[in-house]
Structures are given as structure tokens and as C-alpha cells.
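Here's the structure, in C-alpha cells; my notes come after.
Protein chains: 2
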Amino acid sequence: MTRIVQKYGGSSVATAAHILRVAGLIAERRRLGEEVVASVSAMGDTTDDLTSLAHEVAPHPHPREMDVLLSTGEIVSSALLSMALHDLGVDAVSLSGAQAGIRTDAVHRRARIAEIDAERVERELAAGRVVIVAGFQGVSEASDVTTLGRGASDTTAVALAAALQADACEIYTDVAGIYTADPRICPDARPLLDIGYEEMLEMATTGARVMHARAVELGAVYDVPVRVKSSFDPTLPGTLIHRETSMEQGNKVRGIAHQSHIAKVTVRGVPDRPGIAAYLFEPLADANVSVDTIVQNASVENLTDMTFTVAPEDLEGALRVVQNVLPHIGGSEVVFAPDLGTVSIVGTGMASAPGYAAKMFRTLFDHEININMISTSDIRITCVVESDRVADAVRALHSAFELEREPAIGATQVE
Amino acid sequence: MTRIVQKYGGSSVATAAHILRVAGLIAERRRLGEEVVASVSAMGDTTDDLTSLAHEVAPHPHPREMDVLLSTGEIVSSALLSMALHDLGVDAVSLSGAQAGIRTDAVHRRARIAEIDAERVERELAAGRVVIVAGFQGVSEASDVTTLGRGASDTTAVALAAALQADACEIYTDVAGIYTADPRICPDARPLLDIGYEEMLEMATTGARVMHARAVELGAVYDVPVRVKSSFDPTLPGTLIHRETSMEQGNKVRGIAHQSHIAKVTVRGVPDRPGIAAYLFEPLADANVSVDTIVQNASVENLTDMTFTVAPEDLEGALRVVQNVLPHIGGSEVVFAPDLGTVSIVGTGMASAPGYAAKMFRTLFDHEININMISTSDIRITCVVESDRVADAVRALHSAFELEREPAIGATQVE
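Protein chains in written order, with my numbering: chain A, 17 to 431; chain B, 17 to 431.
Quick look at the structure:
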């Protein structure tokens, strides 16, 4: 029997009408004889609403209690979807993360899955039921509710697919798949038929929010092929994220990712001696500040500058930490820039072929977009630019690398 | 160390501002050195809102899933209250019914507490924390969420007070205590200083909605004195529900209870033979129709009439069941009256003193209120009257039994 794990995002279950449509999609799969497990997000803006409510009672809500609070959003949608299935004559059962055996560490707000005890899910499937799992949540060893971080219903689905040895994992969202760039700012963007795990990871971590980065990592580790599809038009093929990427090597840039808003912090005049980086970044990690790019310039007269980027909402916390450690590391001053963004070109082909970086920098220069900072990986080149030039940069690069062109028929390997 | 269990109802935690006030009340008790466990209801209209949402996806929501859905309301308020306490510098922890060890049977929507495993709650108290328990819910042996029925956060509190051997149980609500009658329809009504368990039970089951009937039963069984207080003015004494009722025997009617809307079903011409009642009422119970009063008239020519009352929302279901069994029990016809109500006088003194029933019937007659049906217990006399005369009946009886008069000083035994 074919076993599939699905995930329906917040926009796919935003209202009762949306939930009824999702129930219809699942009922159809049951009629085809498939075993279905679905992970669901909270309805529409529920998570934001609950967060606002929390801030009304406490400026800095306690993380454990925040997890208890936020976890209810996914429980509500899981129960409603299960009810809707029953009403269609499909036997179903909703399970919380704890009931579904999703065991995590005890890091509230950003817990990581330690293991999945799939016994209950297997038992429900064996009884012929559709299993609806509240996404985004798990349970710690102390039996406390944990959440896996924003967008982590994807992670729930991929982890379940791995644990249940599912035949397929389908992520339903409100777009037609993974695009070559964000179609809201780049009208020529088109959905990719497939993309490799590493490419997707670079796309996700540098701004393509369709898929949660940790879900992609998990997919890669457990080799779970993940199909990203539109719940509004499930007849579209969507994008397959899998190990083998396209055989088509003509265009080695797969997509343009971007982040509209990041902030940059620079610590000037730091003595260039071992251990300085640890002194700086350990307390940032302790303060739960997630650091993106880190750049350390070559030292001049044994002094160096240390620059890193953070999300705008983490800037205040980052500056507080840096000011505290400044006397210990001996830096001369801290400067920051709050209104920056990033644009990245991503593709596995780039590492083995020269000229991509040069073409990127030339394109930005031709459009008079100033490059503030550069960082690279094997399959990605990222430029930090002014926030208000991000959209221009995405469009210029999309066009320069001819991403609007469909790959030749047959050149794309499909599952 | 004094240990108290409190319950805060939906109106006491209706908004963030309400929750902050409740947190202040609890923080004050902590400053006095007391151990505090609080059971909370869902905020304001949350339960109604969730119920409406359920009916948008399914006309007859699956009971198990309805429990999953509704249980989130209390979890939200418990997490918010715990956050608010942390913000006041009070260590606190929110627990779901399952986490608090509230084990129930598996009858969804109307589960009953089987036992309380207080290990986790005791551990949190020993660590110096205030424990906030999501009311109204528990967990079945199969690890499924159950709910205890509308208003059952009271039951959660009393059961916890019994299991934790608390020194006091306080039910906070939006009124000043248990009134001699509903003050909304009887302006002369006044709060009682104390009332016996049995009296309270009769008041609760015949319409005084301040306290959940099962909570009163539990209090009686485990001898937990329960104080009903206003969360809006906690300086008021409220009403103590306890074993010993007032020594003041001058007025044996403690209060007037009423139900504004009930429906009556009569099965006519039933052969008067053994087992008929079981034939009729077993299928009603199976259909989850809760029957209030049952009256069987003396038989004439071996035929009798069987009359019972139900909540208006159960009338349709009751009629369906009765029509189905009519051929088997041989009744001639089924008639019903949808627009009735009840008025009751309640008091332990009545059983041992004659004349209360006569005075009640005379008072109603004097006010031209027709009595449709009568039922009595040791400490209660109930008359079924037209729905639109219920308020008049309450006022007339309150006045006739002089309930507006305060008991003499010293005549009321206080804890």
C-alpha cells in the first residue's frame, strides 16, 4: 500500500472552507487506497494572534509557556481537519506532537527532534485511519510541550515521512512550487520542476520561505524526496526536492534568493588573536541571537574587523551582547547598519565553472547597486546590498542568468 | 504551609487585563507564603467560538475531535496566566489536564474523573512554583484528550483540592457568591454566607449555574469545603459550601432555583407493566439525552401516562427516540410542550417541617401561575410552569419565604 505524508500550511487551512477543501483532497487519496498522514499548521494568522495575546500579558513571555500557548494553534486545525474527514465518511484521528511520538530536546521555541516513536501513528494507520498530526510541536523528556520554530510543520512532515518510511512526502502551500526567484518581485520567475537538497537549503536559508530549512536538511539526511505543491491547484506538478538534481547543465544558476531586511553589526579594531571569535559568538548563541553571515577582514597592524548579519528583530539583542563583551575582546567600537538586504545566486553547477561571481558583481555594478559585503559557499554567492535595492538586484540577476527560460524538454530528470 | 486550590472562570480571565488581575491575586497569595494551584477556564466566549468553528466544518463534529478542539481554550488561558505570573516575578508552570494527571474514562464530551495522579503537581509545588492547570479536561487510558462537560473547571478544582489535600478550595466567578435566587430576575436576592453540599447540589441542578453540580458532589464525597467568591471584588466573603449548614433554623428555605427553558414529553396510554420505564429511558440514555424530572401518573384501566422533561436542545432527539420505541412499549401517542420552565424551593430544613409545599403552591396560585407538573426530593420542591411565568414565580416565592431578610447575627456558622 502506498503511504504518503503530507503537510498543509497555514494558508491552506486558513478558514473552515479551506479545511473542507483539504479534507476533500485527503479523502480522494484514501479512495485511491493510499495511507495518509498529514501534518498541519495553525489556521492563517493564528500564531501571530496568539503571539500578540502573549505580549499583552507579558513583555517577554516565558519560553516554556509560549510553547504551550502556540502549540494550541496546530491542535485546533488538526482537530477541525479530522472532524471534516469524519463528515466525509473517512475515519481519521488527530494527534498532538506528543501523541504522535515526536520527541524533542528541551530548547523551548527552537526545539529539535530527537526521535520519533511512531507506534501510535502506525497503530492508527493499521486501523485504517487517516492520521492528522499537529505540526510544529513535540514533547520533551520532561513531558513538556515544545515547538520547533516558525514554519516547522514542514519539519514535522519530513521527519514523519522518514520515520514511517513513507513512499512520498508532499508539502502543500499557497504557491505552485519553488520558483527561480520570488514571483512577487520578479514577474519572470517560474516554478522549478526539481531542485537538489543542497540548492534548496541555500535557497531556504537565504530567503525562499516556501520551505523550512531544517525540513530540507532532514530530507537530505534521510533521503526523503519532497514534493512542494499548491493546495489551491493540486493538478500542477510542483517542485520535487531530491538527491539528484537536473541533468541539464546549460544553466548552472538554479535560482535567485533574497532577504529584504537584515542588519549588519561590525566590531572594529579587534586584536587578531585566537579565541576572539568564540568570545564574541558564544554569548550571542546563549542569547538566542541567530547569526547569519560572518566575515572577518584581513588584519592590519594586528587589528581586525569582525562583521556579522542578524535578523532586524535580533539587532537590539545582538548589540546588547556585543557591548557587554567588548571590554573582554578589546575591540575599539561597534557600528551597525539596520537597513540592508541580501541577494544570492544558487546552483550546484557553479563550483565547477568559473565566471559566475564575476557575472553577478558586473550585473549589480551595471545597475548601480552597491555591494556592501560578500559571502560564498560551494553552491551560493551572496551579496549584501541596501534594503531598497534588493528587488532591483533580484530582477537584474534573474534576467542576467536567463532564468526565465524553461529548461529544454527531457533535460530535467523527473521522479 | 497553607495549600489552596483556586478556580477562575471564563469571565475572570476574559481578556489580557483580566488575566493580569488574576495574576495579581495569585501573586498576593504567594507573598503570604501559600502554595497555590489554580484551575482556569477558557477566556470569555472561546468555547462558543470553537464550537461554532467545529460546526462550520462538520454538522455533527466527532466527539473525540471536539474534545481535542475544545481543550485548547483552557490551555491558552493557563499558558497566558503562567506568563503573567512570571512577569510579576512569580515562578509558575501551566499544565494540561493530562500533564496534571487528571485521568478520566473515555466518554468524550462528558468524561468523568477516574483518579488524579498528583505526582507532577506535587513536584512543581515542591519546587516553589504556582501550578496553573487547564480546567475542564483530562486524559483517557488511551492517552486521548477528554473533556468533563460544560462548566467542569469547577470539578477540576475540587478534584485537585481533594487529591492534594488542600486546606481550601476557592471558586472565583463574576458574582459575589451563591444567591438566594438569581439576582438578574430577583432584585431582592442576597448572597448566602454558607450553604450545605446537598442544598447547593439541588440549587445547581435546578438552575443556579454559579457552580457545576459534579463539583459539588465531589466536594461532598471528599469533604472539601468550597468557597465561591467574586474575582472582581475578592474582599467580599462569598459563600462557603460545606458539610455543616447554617444552625439558623428559622427559615428552612435557603434559596429559589429556576430553569427558564425546559421541554416536556408525555407518552400517553402506556400499558402499566414492569420494565416499561427501562424500555423508554435506556434508549434515551444511549442517545445521550439527559432526562431531568420523570413523573408517572397512577394508572387508569391499566394504562398510564409517562412524562419527563429535557433541555430544549435535546427535545428533537428525545422525540425521535420515543417515536422509535413507541411500538415496542405500546403507548397510544406522544405529546410535548416546548416552552416550559421550572421553579424550585431548596432547603434541608424542609423535610422535617410540614407546610412548605402547601405554601409554595398557594403562592403560585395567588399569582395565577399554573403548575404543570410537580416533583420533590427531601430538600427540594420543584414546579414546572409556563416559561414566561418563571421570573414572576421566582420573585413571588423569594418574597413569600422572606429570603430577602439577612439571617440573625451569630446564627450562621462560619468556617
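A virtual CB, placed ideally from N, CA and C, is assigned to each residue, including glycine.
Between the C-alpha atoms of residue i and residue j, what's the straight-line distance to the nearest angstrom?
| i | j | result |
| --- | --- | --- |
| Val240(A) | Arg259(A) | 9 Å |
| Ser393(A) | Gly49(B) | 58 Å |
| Asp288(B) | Val155(A) | 59 Å |
| Ile292(A) | Glu298(A) | 10 Å |
| Thr398(A) | Met376(A) | 9 Å |
| Asp330(A) | Val232(A) | 24 Å |
| Lys268(B) | Ile211(B) | 12 Å |
| Val351(B) | Thr379(B) | 29 Å |
| Val307(B) | Ile91(A) | 33 Å |
| Ala177(B) | Ile20(B) | 7 Å |
| Tyr188(A) | His124(A) | 26 Å |
| Val359(B) | Arg200(B) | 15 Å |
| Gly193(A) | Gly167(A) | 16 Å |
| Ser169(A) | Gly235(A) | 13 Å |
| Ala314(B) | Ala374(B) | 21 Å |
| Glu349(B) | Gln312(B) | 15 Å |
| Ala32(A) | Val84(B) | 17 Å |
| Tyr238(A) | Val338(B) | 59 Å |
| Ser93(A) | Ser247(A) | 16 Å |
| Gly144(B) | Arg37(B) | 21 Å |
Quick one, are the C-beta atoms of residue i and residue j less than 8 Å apart?
| i | j | result |
| --- | --- | --- |
| Glu215(B) | Gln22(B) | no |
| Ser110(A) | Ile148(A) | yes |
| Met389(B) | Thr309(B) | yes |
| Ala158(A) | Met99(B) | no |
| Val191(B) | Val226(B) | yes |
| Ser68(B) | Gly26(B) | no |
| Thr196(B) | Ile272(B) | yes |
| Ile42(B) | Val52(B) | yes |
| Pro328(B) | Ile278(B) | yes |
| Val410(B) | Asp198(B) | yes |
| Val432(B) | Val326(B) | Nothing can be reported for residue 432(B), as the shown portion of chain B is limited to 17 through 431. |
| Gly357(B) | Val406(B) | yes |
| Leu97(A) | Ala134(A) | no |
| Val137(A) | Arg46(A) | no |
| Val274(B) | His102(A) | Note on identity: in this sequence residue 274(B) is His, with Val being the wrong assignment. Taking 8 Å as the Cβ cut-off, His274(B) and His102(A) do not qualify as a contacting pair. |
| Gly347(A) | Val283(A) | yes |
Using the beta-carbon count (16 or more within 10 Å), is residue i buried or exposed?
| i | result |
| --- | --- |
| Ser403(B) | buried |
| Glu81(A) | buried |
| Phe417(A) | buried |
| Met17(B) | exposed |
| Asp65(B) | exposed |
| Phe324(A) | buried |
| Ala229(B) | buried |
| Ala205(A) | buried |
| Pro370(A) | exposed |
| Tyr295(B) | exposed |
| His453(A) | The structure shown does not extend to residue 453(A), since chain A is modelled only from 17 to 431, so the question has no answer here. |
| Arg270(B) | buried |
| Glu140(B) | buried |
What distance in whole Å lies between the Cβ atoms of residue j and residue i, which are believed to be in contact at a cut-off of 8 Å?
| i | j | result |
| --- | --- | --- |
| Gly151(B) | Ala175(B) | Actually they are not in contact, since the Cβ atoms of Gly151(B) and Ala175(B) sit about 10 Å apart, beyond 8 Å. |
| Ala130(B) | Thr120(B) | 6 Å |
| Ala116(B) | Val161(B) | Not confirmed; about 13 Å, so no contact. |
| Lys280(A) | Val146(A) | The Cβ separation is near 47 Å, so there is no contact. |
| Glu218(B) | Ile395(B) | 6 Å |
| Gln153(B) | Leu164(B) | 7 Å |
| Leu209(A) | Thr251(A) | With 8 Å as the limit, Leu209(A) and Thr251(A) do not qualify as a contact, their Cβ atoms being about 15 Å apart. |
| His414(A) | Cys202(A) | 5 Å |
First and last residue of the beta strand (DSSP E) that includes residue i?
| i | result |
| --- | --- |
| Leu252(B) | Leu252(B) -> no beta strand (DSSP E), and no H or E assigned at all. |
| Asp330(A) | Unbroken run through Asp330(A): none, as it is neither H nor E. |
| Leu208(A) | Counting along the chain, Leu208(A) falls outside any beta strand (DSSP E), and DSSP gives it neither H nor E. |
| Asp308(B) | 307-312 |
| Gly285(A) | 271-287 |
| Pro354(A) | 349-362 |
| Met389(B) | 389-393 |
| Thr189(B) | 184-189 |
Which residues bound the alpha helix (DSSP H) around residue i?
| i | result |
| --- | --- |
| Leu85(B) | 79-103 |
| Met376(B) | 372-382 |
| Arg259(B) | Looking at the DSSP string, Arg259(B) is not in any alpha helix (DSSP H), and its letter there is neither H nor E. |
| Leu413(A) | 406-416 |
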